[in-house]
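Below is one structure, written out as C-alpha coordinates; comments come after it.
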Amino acid sequence: SFSYPALPAGVDAIRVLTVEPGDFSAPLVGKLNPVAFSRKPRYVALSYTWNTSYPDNSILPISLEEAGFSFRSPGTSPNRLRSQMHTPSPGESRSPSTDRLMVNDAPRQATALSQKATSASATLTLNGHPFEVGRNLQLAILHLRSPKEPINLWADAVCINQDDDEERNQQVSLMAFIYTKAMKVVAWLGTRDYSSTSNAFRSMSIHWKAGQTQHLAAAIAGTIRMRYSPEPDQNTFVRIANSAFWKRLWVVQEVCLPPLLVFAYGPQVWPYEDFRQWSLLPHAGQGSVQIVHEDCKAMQGLLETRDKRHSDMMTIERLIERFEENECSEV
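Residue numbering for the sequence shown follows full-length UniProt numbering, beginning at 1 and increasing consecutively.
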(Lines of atoms letter the chains of each structure in order from A; the text may use other names.)
(Lines give C-alpha, C1' and ligand atoms only; values in the text may rest on other atoms or scores of the structure.)
Protein backbone atom coordinates (compact mmCIF):
# COMPACT_ATOMS: atom_id res chain seq x y z
CA SER A 1 0.00 0.00 0.00
CA PHE A 2 1.04 3.61 -0.50
CA SER A 3 2.95 5.30 2.31
CA TYR A 4 3.71 9.02 2.32
CA PRO A 5 7.43 9.88 2.34
CA ALA A 6 8.19 11.88 5.48
CA LEU A 7 8.59 15.64 5.28
CA PRO A 8 11.94 17.06 6.50
CA ALA A 9 11.72 17.87 10.19
CA GLY A 10 12.19 21.36 11.56
CA VAL A 11 11.97 23.21 8.23
CA ASP A 12 9.23 24.47 5.92
CA ALA A 13 8.80 21.79 3.28
CA ILE A 14 6.33 20.30 0.82
CA ARG A 15 6.00 17.21 -1.32
CA VAL A 16 6.22 17.66 -5.08
CA LEU A 17 4.40 15.35 -7.49
CA THR A 18 6.51 14.59 -10.57
CA VAL A 19 4.21 13.30 -13.32
CA GLU A 20 6.01 11.13 -15.84
CA PRO A 21 5.53 11.99 -19.53
CA GLY A 22 2.99 10.06 -21.53
CA ASP A 23 0.28 10.21 -24.15
CA PHE A 24 -3.21 11.26 -23.09
CA SER A 25 -4.42 7.65 -22.98
CA ALA A 26 -1.46 6.30 -20.98
CA PRO A 27 -2.02 5.51 -17.29
CA LEU A 28 -0.94 8.32 -14.97
CA VAL A 29 2.33 7.54 -13.19
CA GLY A 30 4.15 9.82 -10.79
CA LYS A 31 6.62 10.13 -7.95
CA LEU A 32 6.05 12.03 -4.74
CA ASN A 33 9.18 13.54 -3.21
CA PRO A 34 9.59 15.76 -0.13
CA VAL A 35 11.64 18.92 -0.56
CA ALA A 36 12.50 21.82 1.74
CA PHE A 37 11.75 25.35 0.56
CA SER A 38 15.37 26.22 1.27
CA ARG A 39 16.22 24.12 -1.80
CA LYS A 40 14.01 26.36 -3.95
CA PRO A 41 11.82 23.67 -5.52
CA ARG A 42 10.50 24.28 -9.03
CA TYR A 43 6.86 23.32 -9.32
CA VAL A 44 3.49 24.30 -10.76
CA ALA A 45 0.74 24.66 -8.16
CA LEU A 46 -2.78 23.59 -9.10
CA SER A 47 -5.89 25.50 -8.10
CA TYR A 48 -9.01 23.41 -8.64
CA THR A 49 -12.20 22.16 -7.04
CA TRP A 50 -12.16 18.80 -5.33
CA ASN A 51 -15.62 18.16 -6.73
CA THR A 52 -16.43 18.38 -10.43
CA SER A 53 -16.21 21.69 -12.28
CA TYR A 54 -19.41 20.86 -14.20
CA PRO A 55 -22.03 18.12 -13.67
CA ASP A 56 -21.33 16.69 -17.14
CA ASN A 57 -17.61 16.42 -16.33
CA SER A 58 -18.41 13.96 -13.54
CA ILE A 59 -19.30 11.20 -16.02
CA LEU A 60 -16.40 11.72 -18.40
CA PRO A 61 -14.31 8.57 -18.95
CA ILE A 62 -10.76 9.16 -17.73
CA SER A 63 -9.16 5.91 -18.87
CA LEU A 64 -9.31 3.51 -21.80
CA GLU A 65 -11.21 1.01 -19.67
CA GLU A 66 -13.90 3.53 -18.75
CA ALA A 67 -14.08 4.58 -22.39
CA GLY A 68 -15.39 1.11 -23.24
CA PHE A 69 -12.56 -0.09 -25.48
CA SER A 70 -12.45 -3.85 -25.92
CA PHE A 71 -10.70 -6.39 -28.16
CA ARG A 72 -11.54 -9.44 -30.14
CA SER A 73 -7.87 -10.35 -30.04
CA PRO A 74 -6.99 -11.43 -26.47
CA GLY A 75 -3.29 -10.71 -26.94
CA THR A 76 -3.61 -7.01 -27.62
CA SER A 77 -1.76 -4.87 -25.07
CA PRO A 78 -2.82 -1.47 -23.67
CA ASN A 79 0.15 0.14 -25.46
CA ARG A 80 -1.05 -1.26 -28.76
CA LEU A 81 -4.54 -0.06 -27.94
CA ARG A 82 -3.25 3.46 -27.48
CA SER A 83 -1.33 3.28 -30.74
CA GLN A 84 -4.55 2.37 -32.54
CA MET A 85 -6.55 5.33 -31.23
CA HIS A 86 -5.33 7.72 -33.91
CA THR A 87 -7.65 8.95 -36.62
CA PRO A 88 -6.63 7.59 -40.06
CA SER A 89 -5.59 10.33 -42.44
CA PRO A 90 -7.35 10.71 -45.80
CA GLY A 91 -6.39 7.79 -48.00
CA GLU A 92 -4.83 5.82 -45.16
CA SER A 93 -5.85 2.18 -45.16
CA ARG A 94 -7.07 0.51 -42.01
CA SER A 95 -5.07 -2.47 -40.84
CA PRO A 96 -6.71 -5.73 -39.74
CA SER A 97 -5.45 -5.09 -36.20
CA THR A 98 -7.20 -1.73 -36.18
CA ASP A 99 -10.41 -3.36 -37.36
CA ARG A 100 -10.23 -5.71 -34.39
CA LEU A 101 -10.44 -2.74 -32.06
CA MET A 102 -14.03 -2.18 -31.05
CA VAL A 103 -15.56 0.86 -29.43
CA ASN A 104 -18.94 0.13 -27.93
CA ASP A 105 -21.82 1.79 -29.72
CA ALA A 106 -23.23 5.01 -28.29
CA PRO A 107 -26.13 3.54 -26.26
CA ARG A 108 -23.94 0.87 -24.74
CA GLN A 109 -21.19 3.38 -24.04
CA ALA A 110 -23.63 5.73 -22.34
CA THR A 111 -24.63 2.84 -20.05
CA ALA A 112 -20.98 2.09 -19.36
CA LEU A 113 -20.34 5.71 -18.45
CA SER A 114 -23.24 5.82 -16.03
CA GLN A 115 -21.94 2.65 -14.36
CA LYS A 116 -18.17 3.24 -14.44
CA ALA A 117 -17.63 6.98 -14.39
CA THR A 118 -19.84 7.98 -11.50
CA SER A 119 -17.22 7.07 -8.89
CA ALA A 120 -15.90 10.16 -7.13
CA SER A 121 -12.31 8.95 -7.41
CA ALA A 122 -9.82 7.66 -9.94
CA THR A 123 -6.46 5.97 -9.60
CA LEU A 124 -2.92 6.95 -10.50
CA THR A 125 0.29 5.05 -9.77
CA LEU A 126 2.31 6.93 -7.17
CA ASN A 127 5.75 5.73 -6.03
CA GLY A 128 4.85 2.35 -7.51
CA HIS A 129 1.54 2.02 -5.65
CA PRO A 130 -2.08 2.79 -6.58
CA PHE A 131 -3.31 6.10 -5.20
CA GLU A 132 -6.86 7.40 -5.40
CA VAL A 133 -7.50 10.99 -6.45
CA GLY A 134 -10.63 12.93 -7.28
CA ARG A 135 -11.85 12.70 -10.86
CA ASN A 136 -11.58 16.44 -11.43
CA LEU A 137 -7.94 16.41 -10.33
CA GLN A 138 -7.22 13.44 -12.59
CA LEU A 139 -8.77 15.32 -15.52
CA ALA A 140 -6.50 18.27 -14.78
CA ILE A 141 -3.36 16.13 -14.58
CA LEU A 142 -4.27 14.27 -17.78
CA HIS A 143 -4.47 17.57 -19.64
CA LEU A 144 -1.31 19.05 -18.10
CA ARG A 145 0.85 15.98 -18.63
CA SER A 146 3.44 16.31 -21.39
CA PRO A 147 4.18 13.57 -23.94
CA LYS A 148 7.92 14.28 -23.60
CA GLU A 149 8.76 16.16 -20.39
CA PRO A 150 8.08 15.35 -16.73
CA ILE A 151 6.17 18.06 -14.91
CA ASN A 152 6.43 18.92 -11.22
CA LEU A 153 3.06 19.68 -9.66
CA TRP A 154 1.74 20.60 -6.26
CA ALA A 155 -1.85 19.55 -5.60
CA ASP A 156 -3.13 19.50 -2.04
CA ALA A 157 -5.13 16.28 -2.36
CA VAL A 158 -1.98 14.37 -3.35
CA CYS A 159 0.90 16.25 -1.75
CA ILE A 160 -0.64 16.56 1.73
CA ASN A 161 -1.42 13.49 3.81
CA GLN A 162 -5.11 14.19 4.32
CA ASP A 163 -5.35 11.48 7.00
CA ASP A 164 -2.77 13.20 9.21
CA ASP A 165 -4.49 16.10 10.98
CA GLU A 166 -1.27 17.58 12.34
CA GLU A 167 0.42 17.56 8.94
CA ARG A 168 -2.66 18.88 7.18
CA ASN A 169 -2.93 21.82 9.56
CA GLN A 170 0.77 22.58 9.22
CA GLN A 171 0.64 22.46 5.42
CA VAL A 172 -2.50 24.59 5.28
CA SER A 173 -0.62 27.23 7.26
CA LEU A 174 1.94 27.27 4.41
CA MET A 175 -0.67 27.55 1.67
CA ALA A 176 -0.09 31.23 0.91
CA PHE A 177 3.65 30.59 0.73
CA ILE A 178 3.14 27.56 -1.54
CA TYR A 179 1.11 29.52 -4.09
CA THR A 180 3.34 32.57 -3.92
CA LYS A 181 6.55 30.60 -4.52
CA ALA A 182 5.23 28.42 -7.37
CA MET A 183 6.75 28.96 -10.80
CA LYS A 184 3.19 29.18 -12.09
CA VAL A 185 -0.24 28.54 -10.71
CA VAL A 186 -2.66 26.76 -13.03
CA ALA A 187 -6.33 27.42 -12.31
CA TRP A 188 -8.18 24.37 -13.64
CA LEU A 189 -11.68 25.33 -14.82
CA GLY A 190 -12.82 21.93 -16.10
CA THR A 191 -13.42 20.98 -19.70
CA ARG A 192 -16.03 21.22 -22.41
CA ASP A 193 -19.27 19.23 -22.45
CA TYR A 194 -18.72 15.88 -24.15
CA SER A 195 -22.04 14.35 -23.08
CA SER A 196 -23.40 14.30 -26.64
CA THR A 197 -20.21 12.69 -28.01
CA SER A 198 -20.32 8.95 -28.67
CA ASN A 199 -16.62 8.52 -27.82
CA ALA A 200 -15.76 11.22 -25.30
CA PHE A 201 -12.34 9.85 -24.33
CA ARG A 202 -11.13 9.70 -27.92
CA SER A 203 -12.46 13.22 -28.54
CA MET A 204 -10.65 14.51 -25.46
CA SER A 205 -7.44 12.85 -26.67
CA ILE A 206 -7.73 14.48 -30.10
CA HIS A 207 -8.40 17.91 -28.58
CA TRP A 208 -5.46 17.46 -26.17
CA LYS A 209 -3.09 16.70 -29.05
CA ALA A 210 -4.24 19.87 -30.82
CA GLY A 211 -4.20 22.00 -27.66
CA GLN A 212 -1.61 23.85 -25.61
CA THR A 213 -1.76 22.45 -22.06
CA GLN A 214 0.52 19.56 -23.03
CA HIS A 215 3.28 22.08 -23.86
CA LEU A 216 3.36 23.73 -20.44
CA ALA A 217 5.96 21.31 -19.03
CA ALA A 218 8.35 21.88 -21.95
CA ALA A 219 7.91 25.65 -21.68
CA ILE A 220 8.77 25.56 -17.97
CA ALA A 221 11.79 23.35 -18.73
CA GLY A 222 12.90 25.99 -21.25
CA THR A 223 12.90 23.68 -24.27
CA ILE A 224 10.15 25.60 -26.09
CA ARG A 225 8.49 28.99 -25.94
CA MET A 226 4.94 28.75 -24.65
CA ARG A 227 2.23 29.53 -27.15
CA TYR A 228 -1.09 30.21 -25.52
CA SER A 229 -4.51 29.34 -26.90
CA PRO A 230 -6.57 31.85 -28.91
CA GLU A 231 -9.38 33.86 -27.38
CA PRO A 232 -12.37 31.65 -26.53
CA ASP A 233 -15.62 32.16 -28.38
CA GLN A 234 -18.63 33.51 -26.56
CA ASN A 235 -20.27 30.15 -25.82
CA THR A 236 -17.03 28.86 -24.34
CA PHE A 237 -16.67 31.99 -22.23
CA VAL A 238 -20.21 31.61 -20.90
CA ARG A 239 -19.47 28.02 -19.90
CA ILE A 240 -16.17 29.04 -18.27
CA ALA A 241 -18.01 31.72 -16.28
CA ASN A 242 -20.33 29.01 -14.95
CA SER A 243 -17.55 26.72 -13.72
CA ALA A 244 -17.89 25.71 -10.07
CA PHE A 245 -14.30 26.91 -9.69
CA TRP A 246 -15.34 30.54 -9.23
CA LYS A 247 -17.69 29.73 -6.35
CA ARG A 248 -15.18 27.98 -4.09
CA LEU A 249 -13.85 29.84 -1.07
CA TRP A 250 -10.46 28.13 -1.08
CA VAL A 251 -9.50 29.39 -4.54
CA VAL A 252 -9.59 33.07 -3.52
CA GLN A 253 -6.02 33.12 -2.19
CA GLU A 254 -4.89 30.67 -4.88
CA VAL A 255 -5.95 33.11 -7.59
CA CYS A 256 -4.98 36.34 -5.84
CA LEU A 257 -1.52 35.52 -4.44
CA PRO A 258 0.63 34.03 -7.25
CA PRO A 259 2.75 36.34 -9.42
CA LEU A 260 2.17 34.12 -12.48
CA LEU A 261 -1.31 32.71 -13.05
CA VAL A 262 -2.75 30.86 -16.04
CA PHE A 263 -6.21 29.42 -16.64
CA ALA A 264 -6.68 25.96 -18.15
CA TYR A 265 -9.94 24.80 -19.68
CA GLY A 266 -9.51 21.35 -21.17
CA PRO A 267 -6.53 21.57 -23.55
CA GLN A 268 -6.73 25.36 -23.77
CA VAL A 269 -4.58 27.62 -21.59
CA TRP A 270 -4.49 31.40 -21.24
CA PRO A 271 -2.34 33.79 -19.20
CA TYR A 272 -4.23 35.79 -16.60
CA GLU A 273 -3.53 39.11 -18.34
CA ASP A 274 -5.20 38.04 -21.59
CA PHE A 275 -8.06 36.29 -19.82
CA ARG A 276 -8.77 39.35 -17.71
CA GLN A 277 -8.75 41.66 -20.73
CA TRP A 278 -11.28 39.46 -22.54
CA SER A 279 -13.52 39.38 -19.47
CA LEU A 280 -13.71 43.19 -19.55
CA LEU A 281 -14.86 43.39 -23.16
CA PRO A 282 -18.55 44.23 -23.67
CA HIS A 283 -19.22 40.83 -25.19
CA ALA A 284 -16.92 38.88 -22.80
CA GLY A 285 -15.77 36.59 -25.57
CA GLN A 286 -16.10 36.61 -29.32
CA GLY A 287 -19.65 37.14 -30.52
CA SER A 288 -22.32 39.79 -30.42
CA VAL A 289 -24.53 38.64 -27.55
CA GLN A 290 -23.59 39.86 -24.09
CA ILE A 291 -23.22 37.41 -21.24
CA VAL A 292 -25.97 37.76 -18.66
CA HIS A 293 -24.50 39.62 -15.70
CA GLU A 294 -25.40 36.88 -13.22
CA ASP A 295 -23.49 34.33 -15.32
CA CYS A 296 -20.20 36.09 -14.70
CA LYS A 297 -20.76 37.64 -11.31
CA ALA A 298 -18.63 35.13 -9.39
CA MET A 299 -15.89 35.09 -12.02
CA GLN A 300 -15.69 38.86 -12.30
CA GLY A 301 -15.64 39.25 -8.53
CA LEU A 302 -12.62 36.98 -8.15
CA LEU A 303 -10.75 38.53 -11.09
CA GLU A 304 -11.38 42.02 -9.74
CA THR A 305 -10.06 40.97 -6.34
CA ARG A 306 -6.82 39.77 -7.94
CA ASP A 307 -6.50 43.10 -9.75
CA LYS A 308 -6.71 44.89 -6.39
CA ARG A 309 -4.68 42.40 -4.36
CA HIS A 310 -2.20 45.07 -3.26
CA SER A 311 -4.94 47.37 -1.96
CA ASP A 312 -7.18 47.23 1.10
CA MET A 313 -9.41 44.88 -0.92
CA MET A 314 -7.30 42.05 0.55
CA THR A 315 -8.03 42.81 4.19
CA ILE A 316 -9.69 39.86 5.88
CA GLU A 317 -12.83 41.91 6.59
CA ARG A 318 -13.25 42.89 2.93
CA LEU A 319 -12.64 39.33 1.74
CA ILE A 320 -15.19 37.87 4.14
CA GLU A 321 -17.75 40.44 3.04
CA ARG A 322 -17.11 39.87 -0.66
CA PHE A 323 -16.96 36.08 -0.68
CA GLU A 324 -19.38 35.22 2.11
CA GLU A 325 -21.59 33.30 -0.33
CA ASN A 326 -18.75 31.14 -1.67
CA GLU A 327 -18.77 27.48 -0.72
CA CYS A 328 -16.13 25.98 1.56
CA SER A 329 -17.21 22.37 2.01
CA GLU A 330 -16.44 19.94 -0.82
CA VAL A 331 -19.39 17.69 0.06
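Idealized CB from N, CA, C, for every residue including glycine.
Computed from a predicted structure; not experimentally measured.
**OP:** Return the first residue and the last residue of the beta strand (DSSP E) that T18 is part of.
**Re:** A13 to V19
Original post:
Among G190, T125, G22 and R276, which residue has its Cα nearest to the Cα of R239?
Top reply: G190
Original post:
Does the Cβ-Cβ distance between L46 and V186 come in under 8 Å?
Top reply: It is a contact, given that the beta carbons lie within the stated cut-off.
Original post:
Is it right to say K181 is buried, meaning 16 or more other beta carbons lie within 10 angstroms of its own, or is it exposed?
Top reply: buried
**OP:** Use the C-beta contact count for G128: other C-beta atoms within 10 angstroms, 16 or more gives buried, fewer gives exposed.
**Re:** exposed
Original post:
Which residue or residues does DSSP assign as beta-bridge partners of K31?
Top reply: T18
Subject >> DSSP-derived helix/strand/coil call for W250 >> reply: coil
**OP:** Within its chain, find whatever has a CB closer than 7 Å to the CB of K148; leave out the 5 residues flanking it on each side and keep chain order.
**Re:** P21 and A218, listed in sequence order.
**OP:** Give the range of the alpha helix (DSSP H) segment to which I141 is assigned.
**Re:** Where I141 is concerned, the enclosing alpha helix (DSSP H) stretches over R135 to L144.
Subject >> Opposing strand residues paired with S121 [DSSP bridges] >> reply: DSSP output for S121 lists G134 as bridge partner(s).
Original post:
How big is the Cα-Cα spacing for S121 and P230?
Top reply: Each residue's Cα considered, the two are about 32 Å apart.
**OP:** Using alpha carbons as the reference points, say which of A155, L257, G266 and D164 lies closest to L17.
**Re:** A155
Subject >> Limits of the unbroken beta strand (DSSP E) element including W154 >> reply: Start and end: I151 to W154.
Original post:
Given 8 Å as the limit, is there contact between the segment 248-267 and the segment 139-146, that is, 3 or more CB pairs closer than that?
Top reply: yes
Original post:
If you count every other CB in all the chains shown that lies within 10 Å of the CB of T223, and 16 or more means buried, which is it?
Top reply: exposed
**OP:** Specify the secondary structure class of F263 as computed by DSSP and reduced to three states.
**Re:** Residue state, collapsed to three classes: strand.
Subject >> Of the residues S198, R192 and I220, the one placed nearest W208, counting alpha carbons only >> reply: R192
Original post:
How is W50 classed by DSSP in three states: helix, strand or coil?
Top reply: coil
Subject >> Cβ distance (whole Å) where E166 is taken to contact I160 below 8 Å >> reply: Not quite, the Cβ-Cβ distance comes to about 11 Å (not below 8 Å), so this is no contact.
**OP:** To the nearest angstrom, report how far apart S63 and Q300 are at their CA atoms.
**Re:** 34 Å
Original post:
Nearest to T296 by CA position, among R309, R306, R39 and S279, is which residue?
Top reply: Here the sequence assigns Cys to residue 296, which means Thr is not the residue at that position. Of the listed residues, the one whose Cα sits closest to C296 is S279.
Original post:
Buried or exposed: where does A210 fall if 16 or more other Cβ atoms within 10 Å of its Cβ makes it buried?
Top reply: exposed
**OP:** Put K184 into one of helix, strand or coil per three-state DSSP.
**Re:** strand
Original post:
Given G134, which residues of its chain have a CB within under 7 Å of its CB, disregarding the five upstream and five downstream residues?
Top reply: Only residues of its own chain outside the window of five on either side were considered, and among them W50, A120, S121 and A157 have a CB closer than 7 Å to the CB of G134, listed in chain order.
**OP:** Give the range of the beta strand (DSSP E) segment to which Q277 is assigned.
**Re:** Not the beta strand (DSSP E): Q277 falls in the alpha helix (DSSP H), residues Y272 to L280.
Subject >> For V238: DSSP bridge partner residues >> reply: Its beta-bridge partners do not exist; DSSP assigns none.
Original post:
When DSSP labels each residue in this structure, what does R108 get in the three-state scheme?
Top reply: In this predicted model, R108 has a pLDDT of only 35, less than 50, meaning its place in the structure is not dependable enough to derive any value.
**OP:** Taking S53 and F245 to be in contact with their CB atoms under 8 Å, please state how far apart those CB atoms are, rounded to whole angstroms.
**Re:** 6 Å
**OP:** Specify the secondary structure class of A210 as computed by DSSP and reduced to three states.
**Re:** Reduced to three states, the DSSP call for A210 is helix.
Original post:
Does DSSP classify K308 as helix, strand or coil?
Top reply: coil
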